[in-house]
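S.K.: The structure under discussion is supplied below as structure tokens; questions concerning it will follow.
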Amino acid sequence: MSEQGQVIAGPVKQRGFSIDAWAVLLAFVLAALVRAGVFKHIPW
Amino acid sequence: MASSIAISQVRPVNPALRFLKIVPGVLLLAAVGYAGKLLEANVGKYAKAHHWTFPNIEYVLWAILLGLVISNTVGVPEIFRAGVATYEFWLKAGIVLLGARFLLGDVLKLGGTSLALVGIEITLAIAFMTFLGRLFGLKPKLTSLLAVGSAVCGVSAIIATQGAIEADEEDSSFAIAAILALGALSLFTFPLIGHALHLTDHAYGVWSGLAVDNTAEAAAAGALYSDAAGKLAVLTKTTRNALIGFVVLAYAFYWASRGQAQAVGNKAKFLWQKFPKFVLGFLIISTLATATFFSKEQIGALANLSRWAFLLTFAGVGLRTNFKALSKQGLKPFAVGAIGEVVIAGFTLGLVLAAQRIFGW
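Written out as structure tokens, the structure reads:
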């Protein structure tokens, strides 16, 4: 961190969605795409 | 101090520009994470082909180690920093997707047991950290931040509490540094202790979720032991995260009653604001999986998406940890954090061993 300053924080008022909400939205979109058969197989 | 942990501010910038700014760092997370996977697959093979004795190192540890090496040698160049800082975003998306691997009944059963253990852990952690902070003569609000960080969920809890009790940013930085440094240490010590005590995946996963404070490190510490332990570590840690609002609210009341913070108006609104929304996302996906909304193959695909998201997180854990910077954060908060964490880890281990006997984990 430090010189790199990487603790994300800040009691700053955020406009729009929070990071939590964006993460949930992305996960739901991905789940919907998998359900719709757009992504049939995800390799690991 | 100000130079040691910079707390980034969210500035109103063009969304397209903000997106472009994170691309290089996200690519770095993906490259480091994927390199970890490649190393896991190939180092063992290479060692075997050359008749060397080499431990099987999982991709989780490779990704963290690669990140640590980059961060502590050449450093993370400015262009990558915004993207590297998204590791928490990937963690939360990964947790929501992980819901597909849990049937709702299991979540309620495991979550219920975890909730009881989490309640005991939170009470003990707050009481003990408060005692230690007073013993070491730390500033009262710094003590509150350390107590919340070690009791609930690391960095997020500290940030939420900082705003609620109007603590200094410097205190917040001290507390965050102590929690992160100890979280980094837990990645290397917890799996060793778990193996030495022959803990089952279940017991170890619950222990990691109870004792490791930051969610990313808790997930990594669990995954370093086994896939099953990683799942349980995330579930237990998510139970802890769900309680963040109540603990922060209690602290807000305490400091407001002393005239050192603003009184909380609408309590329900306050709790909702502090409640981690990804916990709801996790429960919704788990409910859908239980209702067979997804086929078996689709659940497999969602589980793999979750693994990829965690891979980016683990790379980020290494890349954002700079030991030189952490060492500059002051000895006293670190000492309080370290003593507190060791005691809490020991106590929660005892709890888990007792639960293992009672529930036959």
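Chains as they are written, first to last, in our numbering: chain A, 1 to 44; chain B, 1001 to 1361.
Ideal Cβ positions, reconstructed from N, Cα and C, are used throughout, including at glycine.
Using the rule of at least 16 other Cβ atoms within 10 Å of the residue's Cβ for burial, across every protein chain shown, is A1220 (chain B) buried or exposed?
M.R.: Along the second sequence, one-based indexing puts residue 1220 (chain B) at 220. Buried.
S.K.: For G1222 (chain B), which three-state DSSP category applies?
M.R.: Taking the first residue of the second sequence as position 1, residue 1222 (chain B) is located at position 222. In the structure shown, G1222 (chain B) sits in a helix (DSSP, three-state: H, G or I).
S.K.: For N1304 (chain B), go through chain A and note every residue whose CB falls closer than 9 Å to its CB, in chain order.
M.R.: One-based indexing of the second sequence puts residue 1304 (chain B) at position 304. Simply H41, I42, P43, W44.
S.K.: Decide if the stretch 1058 to 1065 of chain B is in contact with the stretch 1022 to 1040 of chain B; the criterion is three or more beta carbon pairs, one per stretch, under 8 Å apart.
M.R.: With a cut-off of 8 Å, the stretch 1022 to 1040 of chain B and the stretch 1058 to 1065 of chain B count as touching, because enough Cβ pairs lie within range.
S.K.: Inspect the CB distances between the stretch 1315 to 1332 of chain B and the stretch 1168 to 1181 of chain B and report whether three or more fall short of 8 Å.
M.R.: Judged by Cβ distances under 8 Å, the stretch 1315 to 1332 of chain B makes contact with the stretch 1168 to 1181 of chain B, as three or more pairs qualify.
S.K.: Can you tell me the Cα-Cα spacing of P1373 (chain B) and S1071 (chain B), whole angstroms?
M.R.: Lying outside 1001 to 1361, the shown extent of chain B, residue 1373 (chain B) is not represented and no answer is given.
S.K.: Do L1312 (chain B) and L30 (chain A) have their C-beta atoms closer together than 7 Å?
M.R.: Within the second sequence, the letter at position 312 stands for residue 1312 (chain B). Within the first sequence, the letter at position 30 stands for residue 30 (chain A). Contact flag unset, no.
S.K.: List the endpoints of the continuous alpha helix (DSSP H) containing F1253 (chain B).
M.R.: As a working mapping, residue 1253 (chain B) is identified with position 253 in the second sequence. Element bounds for F1253 (chain B): 1244 to 1257.
S.K.: Taking only the alpha-carbon atoms, compute the straight-line gap between R1240 (chain B) and V1118 (chain B) and give it to the nearest angstrom.
M.R.: In the second sequence, counting from the first residue as 1, residue 1240 (chain B) sits at position 240. In the second sequence, counting from the first residue as 1, residue 1118 (chain B) sits at position 118. Straight-line Cα distance between these residues: approximately 6 Å.
S.K.: Taking the beta carbon of K1109 (chain B) as the centre, do at least 16 other beta carbons fall within 10 Å, making it buried, or is it exposed?
M.R.: In the second sequence, residue 1109 (chain B) corresponds to position 109, counting from 1. Label assigned to K1109 (chain B): exposed.
S.K.: Whole angstroms is fine: what's the gap from L1097 (chain B)'s alpha carbon to F1314 (chain B)'s?
M.R.: Along the second sequence, one-based indexing puts residue 1097 (chain B) at 97. Along the second sequence, one-based indexing puts residue 1314 (chain B) at 314. Roughly 16 Å separates the two Cα atoms.
S.K.: Candidates B:I1193, B:W1255, B:V1342: which alpha carbon is nearest I1408 (chain B)'s?
M.R.: Since the first residue of chain B shown is 1001 and the last is 1361, residue 1408 (chain B) is not available in this structure.
S.K.: Any idea what DSSP makes of F28 (chain A), helix, strand or coil?
M.R.: Stepping through the first sequence from its first residue, residue 28 (chain A) is reached at position 28. Three-state result, F28 (chain A): helix.
S.K.: Could you name the residues of the same chain whose beta carbon sits closer than 6 Å to that of F1102 (chain B), not counting the 5 residues immediately before and after it, in chain order?
M.R.: Counted from its first residue, the second sequence places residue 1102 (chain B) at position 102. Result list for F1102 (chain B): S1286, in chain order.
S.K.: Cβ closer than 7 Å: which chain B residues qualify as neighbours of V38 (chain A)?
M.R.: As a first step, residue 38 (chain A) is located in the first sequence; it is residue number 38 there, counting from the start. Under the 7 Å cutoff, chain B gives no residues; its nearest Cβ is about 10 Å from V38 (chain A).
S.K.: For A32 (chain A), go through chain B and note every residue whose CB falls closer than 8 Å to its CB, in chain order.
M.R.: Taking the first residue of the first sequence as 1, we reach residue 32 (chain A) at position 32. Within chain B, no residue comes near A32 (chain A); the closest Cβ sits about 10 Å away, beyond 8 Å.
S.K.: My assumption, with CB atoms under 8 Å, is that I19 (chain A) sits in contact with K1092 (chain B). Please give the rounded CB distance.
M.R.: Numbered from 1 along the first sequence, position 19 holds the residue referred to as residue 19 (chain A). Numbered from 1 along the second sequence, position 92 holds the residue referred to as residue 1092 (chain B). About 7 Å separates the two Cβ atoms, so the contact holds.
S.K.: Looking at V1155 (chain B): is its Cβ nearer than 7 Å to the Cβ of I1126 (chain B)?
M.R.: Along the second sequence, one-based indexing puts residue 1155 (chain B) at 155. Along the second sequence, one-based indexing puts residue 1126 (chain B) at 126. Contact: no.
S.K.: Within its chain, find whatever has a CB closer than 6 Å to the CB of G1330 (chain B); leave out the 5 residues flanking it on each side and keep chain order.
M.R.: Counting from one through the second sequence, the residue named residue 1330 (chain B) turns up at place 330. Counting only Cβ-Cβ distances below 6 Å, and skipping sequence neighbours, we find F1174.
S.K.: Do V1342 (chain B) and G1133 (chain B) count as a contact pair if the criterion is CB distance below 7 Å?
M.R.: Translated into positions along the second sequence, residue 1133 (chain B) becomes position 133. Translated into positions along the second sequence, residue 1342 (chain B) becomes position 342. No.
S.K.: Tell me whether the stretch 1226 to 1240 of chain B and the stretch 1253 to 1271 of chain B touch, counting them as touching only if at least three CB pairs, one residue from each stretch, are closer than 8 Å.
M.R.: With the cut-off at 8 Å, the stretch 1226 to 1240 of chain B and the stretch 1253 to 1271 of chain B do not touch.
S.K.: With 7 Å set as the bound, which would you pick, yes or no: does the beta-carbon of A27 (chain A) sit closer than that to a beta-carbon of chain B?
M.R.: Your numbering for residue 27 (chain A) matches position 27 in the first sequence. Answer yes: the Cβ-Cβ gap between A27 (chain A) and chain B drops below 7 Å somewhere.
S.K.: Rounded to whole angstroms, what's the CA-CA distance from Q1356 (chain B) to G1346 (chain B)? Just pull it up for me.
M.R.: Taking the first residue of the second sequence as 1, we reach residue 1356 (chain B) at position 356. Taking the first residue of the second sequence as 1, we reach residue 1346 (chain B) at position 346. Near 15 Å, if we compare the C-alpha coordinates of G1346 (chain B) and Q1356 (chain B).
S.K.: How should A36 (chain A) be labelled, buried or exposed, when 16 other C-beta atoms within 10 angstroms of its C-beta is the threshold for buried?
M.R.: Within the first sequence, numbered from 1, the residue matching residue 36 (chain A) stands at position 36. A36 (chain A) comes out exposed.
S.K.: Using a Cβ cut-off of 7 Å (strictly closer), state whether V1343 (chain B) contacts chain A.
M.R.: Along the second sequence, read from residue 1 onward, the residue named residue 1343 (chain B) stands at position 343. So, not an interface residue.
S.K.: Can a CB atom of chain A be found closer than 7 Å to the CB of L1097 (chain B)?
M.R.: The residue you call residue 1097 (chain B) lines up with position 97 of the second sequence. With 7 Å as the cut-off, L1097 (chain B) counts as an interface residue toward chain A.
S.K.: In this structure, does DSSP put T1113 (chain B) in helix, strand or coil?
M.R.: Numbered from its first residue, the second sequence carries residue 1113 (chain B) at position 113. Reduced to three states, the DSSP call for T1113 (chain B) is helix.
S.K.: Establish whether the CB of P1024 (chain B) and some CB of chain A are separated by less than 7 Å.
M.R.: Translated into the one-based positions of the second sequence, residue 1024 (chain B) becomes position 24. It does not: the Cβ of P1024 (chain B) has no partner Cβ on chain A nearer than 7 Å.
S.K.: For K1332 (chain B), would you say it is in contact with chain A, using Cβ-to-Cβ distances shorter than 7 Å as the test?
M.R.: Numbered from 1 along the second sequence, position 332 holds the residue referred to as residue 1332 (chain B). Chain A, which has no Cβ nearer than 7 Å to the Cβ of K1332 (chain B), makes this no.
S.K.: Does R1307 (chain B) pass the burial test, meaning 16 or more other C-beta atoms within 10 Å, or should it be called exposed?
M.R.: Reading the second sequence from its first residue, position 307 is the one you call residue 1307 (chain B). So R1307 (chain B) counts as buried.
S.K.: So, does the CB of Q1298 (chain B) fall closer than 7 Å to a CB anywhere in chain A?
M.R.: Looking up residue 1298 (chain B) in the second sequence gives position 298. It does: the Cβ of Q1298 (chain B) has a partner Cβ on chain A nearer than 7 Å.
S.K.: Name the two residues that bound the continuous alpha helix (DSSP H) containing S1295 (chain B).
M.R.: Within the second sequence, numbered from 1, the residue matching residue 1295 (chain B) stands at position 295. Careful: S1295 (chain B) lies outside any alpha helix (DSSP H) and carries neither H nor E.
S.K.: In this structure, how does DSSP classify E1166 (chain B) when only helix, strand and coil are distinguished?
M.R.: For this step, residue 1166 (chain B) is matched to residue 166 along the second sequence. E1166 (chain B): coil per DSSP, three-state reduction.
S.K.: Along the chain, where does the alpha helix (DSSP H) containing G1149 (chain B) start, and where does it finish?
M.R.: For the purposes of this step, residue 1149 (chain B) is identified with residue 149 of the second sequence, where counting begins at 1. Counting along the chain, the alpha helix (DSSP H) containing G1149 (chain B) begins and ends at 1140 to 1151.
S.K.: R1307 (chain B) versus chain A: which residues are under 8 Å apart at the beta carbon?
M.R.: In the second sequence, residue 1307 (chain B) corresponds to position 307, counting from 1. Those are W44, listed as they occur along chain A.
S.K.: If distances are taken between C-alpha atoms only, which option among B:G1075, B:G1209, B:G1083, B:T1113 comes closest to L950 (chain B)?
M.R.: As shown, chain B starts at 1001 and ends at 1361. That puts residue 950 (chain B) outside it, with no answer to give.
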